[in-house]
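The structure appears below as structure tokens.
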Amino acid sequence: MSYSAKMQGNHLYSVYFAPRGSRRLFELGMQIAQMYLSPFDKLIGVIGDAGSGKSMIIKGMFPGLELTNDDEGVNVRPLPLLNIDDTGFYTPHTYHVDIRFEAAFTQLHVLADAILEAVGKGKRVIVEHFEVIYPFLKKQNAHLLIGVGGEVIITRPNLFGPLPQDIADIVYRSIHYRKMAHTAENLLIANLDPKYKGTFLFGDVRHGFVLSFEEKPELDFDDLVRRMKEGIEAGLPVTYVDEKHIRIGDYLCACTGPRINVTCTNEIEDFKLIPQLFHDTFNDRWLLVGLVGYDAKLDRIDDLNKVDLDDEEE
């Protein structure tokens with residue numbers, strides 16, 4: 008066994024901020040493939056709610072892979088996984104299946120048998136909503152399991168877990184924080200002085216967002232908080248326009264992850280704008296931080312990214 012294979016065998020969990028923009032999701036998928044995917048991995052399980060970015064991460068991991076239930080509504084029929092011909096010269100090596108989508112057409116035990124047959128023939132199968140099909144797979148866990156919620160969790164399960172439902176319990180609860188944070192970020196940008204629009208970069212913090220400025224902006228924090236509170240309490244509808252825009256009420260917003268938002272601004276819970284700018288001396292940038300779902304008193308800014316998976320299970 009190679010050194011890299013041994014290291015992968017010792018891998019328990021890796022946790023990343025789940026990006027909100029499509030480009031960053033593609034890039035994270037590429038990074039996951041480079042760091043965690045083995046040529047010997049035949050069964051890849053992906054877990055996450057609709058709109059979490061699963062498909063973009065898969066496309067980043069497997070460039071050129073034809074997804075059978077594409078985000079653009081292009082559905083591949085019949086499902087290639089159910090019609091494997093292992094004698095043909097052009098037989099695919101990698102198959103994709105969205106279990107929730109395919110369950111409307113095919114019984115789960117039939118899908119499970121097709122997955123096991125494909126893996127047995129040396130094919131690779133990427134399974135979205137893996138936790139749904141796992142009970143039908145005769146205790147065959149994924150070789151690599153990826154959960155997409157508020158964070159992206161990468162794990163290599165073994166006999167002792169984690170089970171797919173363990174990952175599902177975390178990511179399905181945490182995705183709402185990510186959607187709230189993204190909509191709050193867009194709403195804040197809509198309320199910034201126009202002279203600052205397009206002058207910042209996006210960053211991440213647990214249960215929140217970061218706007219990073221090259222030059223220190225002059226902000227009226229009380230006015231920003233008032234506007235944010237009014238926008239949240241107004242219950243403005245948040246609607247998808249296209250892959251680069253959303254609409255908050257009547258305001259058209261540029262957005263790189265338009266599907267990763269709540270549907271109404273009053274779904275944003277416990278918004279808090281930290282009333283100061285933080286200087287990132289390493290990168291010489293000024294950081295503005297907003298939080299959602301954070302109803303506790305904020306005592307220490309350096310404690311926001313504390314690593315505690317149990318926190319997502321509360």
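In the numbering used here, the protein residues as written are 8 to 321.
Quick reminder that beta carbons are idealized off the backbone N, C-alpha and C, glycines included.
| query | result |
| --- | --- |
| Beta-carbon proximity of Leu295 to Leu284, cut-off 7 Å | yes |
| Whether Ile253 touches Lys186 by CB criterion (7 Å) | no |
| Reduced DSSP category for Asn268 - H, G, I as helix; E, B as strand; rest coil | coil |
| Span separating the alpha-carbon of Arg131 from that of Glu222 | 48 Å |
| Straight-line gap, Ile177 to Leu118 (C-alpha atoms, nearest Å) | 25 Å |
| Short Cβ contact (7 Å threshold) for Thr272 with Gly238 | yes |
| Given 8 Å, three or more beta-carbon pairs between the region 162-182 and the region 52-66 | yes |
| Nearest candidate by alpha-carbon position, reference Phe278, set His189, Trp293, Leu89 and Lys251 | His189 |
| Rounded straight-line distance, which links the Cα of Leu152 to that of Ser21 | 11 Å |
| Distance between beta carbons of Tyr179 and Asp48, contact taken as under 8 Å | Actually they do not touch by this definition, with Cβ atoms about 24 Å apart. |
| Three-state class that DSSP yields for Lys186 in the structure shown | helix |
| Burial state of Asn312, where buried means 16 or more other Cβ atoms lie within 10 Å | exposed |
| Boundaries of the alpha helix (DSSP H) in which Glu135 is found, first to last residue | Premise fails: Glu135 lies in the beta strand (DSSP E), Arg131 to Glu135, not in any alpha helix (DSSP H). |
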